[in-house]
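Chains as they are written, first to last, in my numbering: chain X, 3 to 379; chain F, 3 to 379; chain V, 162 to 485; chain H, 162 to 485. Here's the structure, in structure tokens; my notes come after.
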Ligand SMILES: Cc1ncc(C[n+]2csc(CCOP(=O)(O)OP(=O)(O)O)c2C)c(N)n1
Ligand SMILES: Cc1ncc(C[n+]2csc(CCOP(=O)(O)OP(=O)(O)O)c2C)c(N)n1
Ligand SMILES: [Mg+2]
Ligand SMILES: [Mg+2]
């Protein structure tokens with residue numbers, strides 16, 4: 003069974019262009035157009051714009067010293083929002099750290115995200131991790147960690163559990179092209195091939211792993227063709243094309259749901275911004291390349307389409323921007339003004355119950371803090 | 003640049019049969035016959051027979067309780083001897099643990115091997131490791147360790163060093179098909195692809211990883227095609243065909259020496275014996291399969307060829323067997339009768355020089371042993 | 162009560178739990194059809210099928226990572242790593258993922274994986290089939306570390322491990338796999354994690370051990386007794402959580418301490434025990450505590466008996482602290 | 162003498178050694194064109210070329226394994242692991258291969274790899290950019306473990322590390338990367354591994370620290386001095402080999418010990434120091450030794466200051482041992 007008309011791996015060299023539907027000028031290949039209810043089109047657009055607006059606000063806040071760290075996804079919104087759209091809410095996500103678009107589509111609120119970024123007392127993860135290391139169990143979005151590629155084989159295990167229970171859940175795991183170089187990528191795809199688990203391996207090939215360009219990452223022509231080494235199907239898709247991403251992810255999900263096993267999707271896109279707020283790309287890449295990629299911007303491309311279709315107008319955009327501004331402002335303000343978790347929460351959740359040594363350490367910390375307070379008085 | 007007329011990976015699906023020269027009945031495909039000086043043919047045969055005879059003797063010794071452990075290579079002698087023959091003595095080997103044929107061809111003596119298996123005071127590795135974990139620096143055979151696949155990326159690094167110094171050394175690293183599932187296999191081939199290092203990745207696909215059959219190891223049709231994921235060339239070869247192995251390894255070596263980078267060779271063969279003397283395959287595999295593979299025995303196949311060519315006679319065989327028996331007996335006897343390393347050698351080679359804590363521990367052990375001796379008197 | 166060795170006791174515990182709880186799956190290299198290279202999972206695939214007793218591809222990080230995924234999605238995986246020495250390819254998944262999953266998600270996810278692994282020397286295993294690496298796990302917040310010595314404890318502790326919600330590294334003393342025989346209660350029972358056992362009561366010196374070293378300590382105690390000494394031997398059974406109460410009570414009684422640890426000396430768990438005793442019972446000590454440990458070298462093949470802590474070395478240590 | 166921060170001192174050492182010895186290569190993620198995410202290898206690729214200053218694919222086990230292969234074949238690789246927290250994918254290569262290569266080959270091969278890595282908290286790095294994992298390496302026979310605190314030491318110790326024949330884990334206190342400024346001798350010099358430094362002589366209590374905790378200990382000493390105490394502060398500089406002489410001499414003088422360790426408490430290196438002092442100087446102790454450490458939890462993001470040992474906690478510990 004083959005996913006789409008662009009095949010790779012088993013069937014030959016990856017010489018074809020990535021699967022695409024939407025052209026840069028906003029025109030679309032109608033034969034390939036996925037079935038999307040008209041009312042969803044603007045919702046998708048809204049999610050992409052919202053993702054970008056939130057990212058940019060958070061980056062600004064970090065620059066102003068009001069936020070510790072942030073990691074944006076500018077340029078990759080079609081890949082994240084589109085793949086999220088193609089799935090059911092009951093499907094699981096095991097993300098990397100640059101998939102805010104996927105969560106936003108699924109209905110995570112900006113406040114939920116801001117609380118985590120501020121590590122405050124309302125953060126579901128109790129301020130334990132750096133910003134963008136979310137965990138939204140109520141939406142089947144699994145806890146993110148920094149070590150790259152670790153989530154990929156975990157997704158295979160989680161999918162195995164569903165398969166064993168004969169559930170029809172699909173598991174998508176996201177990662178950058180850099181993470182494909184880790185051993186965990188390899189074992190994940192290999193186990194998935196043998197176990198035929200319902201997994202979508204979604205590789206955001208954004209051209210860069212911090213300062214390391216794609217060419218130094220692997221001598222393989224594409225990342226998609228790596229699927230071939232595991233008896234899996236690999237698909238190359240234009241990651242800046244919301245329709246193409248939706249179509250390809252849908253087919254991979256359908257295949258997975260019907261017992262067809264896993265698929266590797268390589269979404270070709272570009273990291274328009276810095277790797278994170280700790281990074282400055284001017285030391286390692288040519289800004290001209292960035293300008294080139296900006297021409298393929300997924301939001302603008304989609305907007306051109308919507309405009310042609312009579313769905314988008316400038317006044318819609320103005321209203322949208324205003325709404326988002328207010329929403330972001332409210333979320334950030336609320337998050338910023340929520341107090342930090344209490345010191346004793348440090349000792350929660352190490353285990354299901356605290357052994358004596360953690361109880362003792364908790365007492366030690368609280369006594370110490372009590373002492374400090376008294377000193378100050 | 004393509005190695006042989008059987009190509010895989012980039013150029014399409016691996017549907018062709020493994021590259022072969024020698025048929026089961028001892029006839030050969032003359033067009034493909036590698037150039038081998040006539041006087042080498044019996045030497046090759048001798049090395050294969052010697053490898054098997056030594057293996058079998060060591061297994062018997064283990065059964066008799068005279069040796070702690072052993073791991074034989076019966077059925078895989080064409081793969082190991084043939085690949086070794088195709089290389090120069092100055093080329094490096096980073097082996098797994100089942101490549102005794104390769105060392106024997108390169109001139110390692112049975113006594114050198116027996117000393118290691120007995121872990122005696124003449125063992126170059128000072129009795130530190132289990133049997134078959136050799137290290138023969140004088141022959142460019144690098145120290146073997148048990149953790150699977152670790153040597154594969156090490157070979158890439160060693161090759162990088164040679165490349166940096168503009169030497170023309172080639173680096174062969176051996177491993178079983180089971181080891182390809184480890185992350186280290188993946189990173190090795192990926193680094194080799196990017197760095198274009200002169201490495202031959204020699205995979206002995208002997209069908210089993212202890213009790214795990216090849217089908218549970220990966221859903222990939224072949225192991226050779228995994229090369230495709232790294233921009234490398236992969237070649238499938240009949241591992242029981244000494245001529246095919248020589249030809250394919252030679253071409254990979256030539257390519258590597260000429261700056262063409264690395265090649266993955268999958269030698270299809272079969273583990274005729276148990277995994278090791280600790281193993282009993284009757285619990286997990288059908289003996290009928292073993293019988294089938296015995297029909298393709300690499301030594302018998304080669305003997306038929308030599309017989310047809312008028313090079314092999316029964317009297318040659320009888321003399322050979324007698325010689326080997328004596329050589330093995332002498333080696334084993336000498337090794338068995340060589341005393342163990344002295345206790346204080348435990349503390350050598352942890353570092354280039356002993357820090358105080360190791361000196362202190364050495365004293366502690368020697369004092370303790372001294373005390374025990376006194377007690378006994 | 163039936164007599165079993167440790168392998169049989171482990172096998173029994175797995176069978177009991179798999180019958181009771183269909184969320185339990187067993188996975189690892191060669192654990193299925195073959196029943197494990199030490200046969201600890203023998204017969205399980207036949208009874209529970211290849212979907213619950215899984216022969217995995219050869220990749221430890223894959224075994225642990227998929228076990229984590231399974232646990233996070235409601236299963237109760239019991240992973241076998243063929244030798245403790247081969248846990249390292251999975252070190253990142255164990256230390257950065259399994260151990261931290263609950264904490265980093267603010268308690269949203271739990272990660273109840275039991276990792277069974279044979280550890281320790283004495284079977285002529287050289288560098289890579291002999292390691293005792295409990296100190297790495299004990300230093301990793303979020304892991305429980307259980308190390309039974311007897312068949313009865315192996316079964317009860319494994320059943321308890323499979324029924325609690327935290328990741329457990331369950332280290333089985335392979336040297337005693339077959340030699341460690343004893344009566345084992347039939348059927349279902351658990352032994353609470355974090356409870357040490359005084360395996361020989363005594364008054365003169367506290368000898369602390371766990372796993373195979375418990376046997377060495379007991380052998381030493383027998384010799385010491387014959388020489389007129391009266392040691393108390395404690396088998397810790399788990400090192401995280403640690404039964405500090407039993408340790409301190411004994412030290413307060415004897416004032417003298419010997420700790421036996423098979424792992425290399427520097428940075429081993431014996432040091433932690435010493436540190437804790439120093440913090441809580443320094444004033445009870447009549448002599449410096451003594452460690453009897455493996456040397457700070459890789460584990461050697463030929464000279465393994467010179468490497469391993471022996472009963473004789475433990476006796477000498479007792480003499481040293483008693484005669485101080 | 163020029164003033165440098167730790168990054169500059171590391172960079173200086175690398176440059177000096179690469180100029181002197183063309184066997185030295187630097188490899189790691191983002192170390193080349195970009196000069197490292199902390200800029201410690203800045204400018205090196207420009208001077209020495211992309212063949213000697215290598216931007217590797219993103220795989221720590223690949224970095225360490227290829228470094229091992231290079232070392233075994235005559236090079237002198239200096240590998241950078243971007244954060245100590247990311248050493249674990251390479252744990253097997255570090256522990257089973259690099260540390261044992263010389264030993265297992267009977268001394269036929271040496272493995273002179275230096276692994277540089279920024280470690281420790283205090284930069285709001287959460288679980289995975291904050292770890293202090295020296296205890297894992299110190300418990301691994303065959304590794305040297307060097308942890309400088311100052312720019313001068315960083316340079317001299319790194320030069321020494323690159324010139325000896327054993328694998329070294331070189332842990333750089335990232336919290337002090339830029340803040341840790343000081344005078345650094347220009348040009349070439351080395352500081353012998355295994356020699357501690359008394360950074361504040363004193364008489365009343367021995368405070369033992371290393372890496373960033375040296376600063377915490379010194380800050381505490383200042384406060385303590387103001388309160389009328391007279392602590393002696395020792396910066397270990399390397400924990401394997403360990404300068405036991407300096408430690409014991411000081412303990413014999415003061416009779417009181419505080420050990421500061423950023424890593425989680427259980428099984429950390431402070432326990433080993435306590436064990437050694439117990440073995441060699443128990444009778445000099447006037448009070449139980451006290452550890453000031455990170456808690457036995459993963460490293461938290463928001464509450465990092467509540468997690469990290471503070472000068473205040475060290476002062477309290479000094480008071481405790483002095484007033485015992
Ligand atoms: C195991 C591990 N090694 C190194 C890092 C440091 N690091 C964080 S992001 C990154 C680059 C990742 O690139 P890629 O996978 O392409 O994802 P992208 O950032 O482009 O989305 C690196 C090296 C890490 N987080 N984990
Ligand atoms: C990292 C690691 N995991 C597990 C083992 C235990 N083990 C030893 S050999 C073996 C099977 C290897 O199979 P394969 O790679 O096909 O080589 P073969 O034995 O068939 O030559 C296993 C699982 C090991 N040595 N190292
Ligand atoms: Mg990327
Ligand atoms: Mg095999």
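All C-beta atoms in this analysis are idealised placements derived from N, C-alpha and C, irrespective of residue type, glycine included. Since the structure is predicted, the reported quantities are computational estimates derived from the model, not experimental observations.
I need the residues with a C-beta less than 7 Å from some heavy atom of ligand 4; please give them in chain order.
F:178, F:179, F:180, F:206, F:207, F:208, F:209, F:210, F:211 and F:273
Own chain, CB closer than 6 Å to residue 474 of chain V, minus 5 neighbours either side, in chain order:
Cβ neighbours of residue 474 of chain V beyond the five flanking positions: 453.
Is the beta carbon of residue 354 of chain X within less than 7 Å of some heavy atom of ligand 2?
no
So who's on the other strand from residue 268 of chain X, going by DSSP bridges?
X:205 and X:238
Is residue 297 of chain V near ligand 1, judged by its Cβ being under 7 Å from some heavy atom?
no
Kindly say whether residue 34 of chain F, judged by its beta-carbon, lies nearer than 8 Å to any beta-carbon of chain H.
Residue 34 of chain F is outside the set of residues whose beta carbon lies under 8 Å from a beta carbon in chain H.
Between the alpha carbons of residue 383 of chain F and residue 279 of chain F, how many angstroms are there, rounded?
Nothing in the structure corresponds to residue 383 of chain F, since chain F is present only between 3 and 379.
How many angstroms separate the CA atom of residue 172 of chain V from the CA atom of residue 217 of chain X?
50 Å
For a test of your reading of the model: does the CB of residue 280 of chain X fall under 7 Å from any non-hydrogen atom of ligand 1? Yes or no.
No, ligand 1 has no heavy atom inside 7 Å of this Cβ.
Helix or strand or just coil, what does DSSP make of residue 197 of chain V?
DSSP, reduced to helix, strand and coil, places residue 197 of chain V outside both helices and strands of the structure shown, so it counts as coil.
Can you tell me where the alpha helix (DSSP H) holding residue 358 of chain V begins and where it ends?
Here residue 358 of chain V belongs to no alpha helix (DSSP H); instead the beta strand (DSSP E) covers 358–361.
Look up residue 169 of chain X in the DSSP assignment and say whether it is helix, strand or coil.
It is coil, neither helix nor strand.
Rank F:358, F:363, F:368 and F:334 by C-alpha distance to the C-alpha of residue 120 of chain F and give the top, closest one.
Per the Cα distances, F:334.
Helix, strand or coil for residue 68 of chain X per DSSP?
coil
Measure from the alpha carbon of residue 331 of chain H to the alpha carbon of each residue in H:392, H:248 and H:348, then state which is nearest.
H:248
With DSSP as the reference, label residue 239 of chain H as helix, strand or coil.
strand
Taking just the CA atoms, how far does residue 379 of chain H sit from residue 167 of chain V?
52 Å
Are the C-beta atoms of residue 439 of chain H and some chain F residue less than 8 Å apart?
no
Proximal residues of chain F, C-beta to C-beta of residue 297 of chain V below 8 Å:
Neighbours of residue 297 of chain V on chain F: none; closest Cβ ~16 Å, over 8 Å.
Near-chain F residues of the stretch 460–478 of chain V (beta-carbon distance less than 8 Å), N- to C-terminal order:
461, 462, 463, 464, 467, 468, 473, 474 and 477
Which full runs of the alpha helix (DSSP H) of 4+ residues lie inside the stretch 437–479 of chain V, going along the chain?
465–468
Is any beta-carbon of chain V found at less than 8 Å from that of residue 450 of chain H?
For residue 450 of chain H, the answer is yes, since a Cβ of chain V falls inside 8 Å of its Cβ.
Beta carbon of residue 219 of chain H, beta carbon of residue 179 of chain H: below 8 Å?
Judged by beta-carbon spacing, residue 179 of chain H lies beyond the 8 Å limit of residue 219 of chain H, meaning their Cβ atoms are not closer than that value.
Taking 7 Å as the cut-off, does the CB of residue 188 of chain X come closer than this to any heavy atom belonging to ligand 1?
no
Suppose only complete runs of 4+ residues qualify. What are the alpha helix (DSSP H) ranges in the stretch 89–130 of chain F, listed by chain order?
102–108 and 112–119
Quick one: is the Cβ of residue 277 of chain F within less than 7 Å of any heavy atom of ligand 2?
For ligand 2, at least one heavy atom lies less than 7 Å from the Cβ of residue 277 of chain F.
Just verifying my parser: in three-state terms, what is the DSSP assignment at residue 148 of chain F?
coil
Put residue 311 of chain V into one of helix, strand or coil per three-state DSSP.
Coil, per DSSP.
Could you tell me which chain V residues have their CB closer than 9 Å to the CB of residue 122 of chain X, listed as they occur along the chain?
Near residue 122 of chain X there are no residues of chain V at all, since even the closest Cβ is about 12 Å away, more than 9 Å.
List in chain order: all unbroken alpha helix (DSSP H) runs of 4+ residues lying wholly within the stretch 241–313 of chain F.
244–259, 289–296 and 300–310
Neighbourhood of residue 111 of chain X by C-beta distance below 8 Å, restricted to the same chain and skipping five residues each side
333
Please work out which residues of its chain come closer than 6 Å, Cβ to Cβ, to residue 450 of chain V, disregarding the five sequence neighbours upstream and downstream, and give them in chain order.
Same-chain partners within the cutoff: 418 and 435.
Can you pull the chain H neighbours of residue 211 of chain X, defined as C-beta to C-beta under 7 Å?
219
Within 8 Å of any Cβ in chain V, is that where the Cβ of residue 256 of chain H sits?
yes
Meets three-Cβ-pair contact criterion under 8 Å: the stretch 152–159 of chain X and the stretch 57–76 of chain X
no
Since I believe residue 242 of chain H is in contact with residue 224 of chain H (beta carbons under 8 Å), could you give me their beta-carbon distance rounded to a whole number of angstroms?
7 Å
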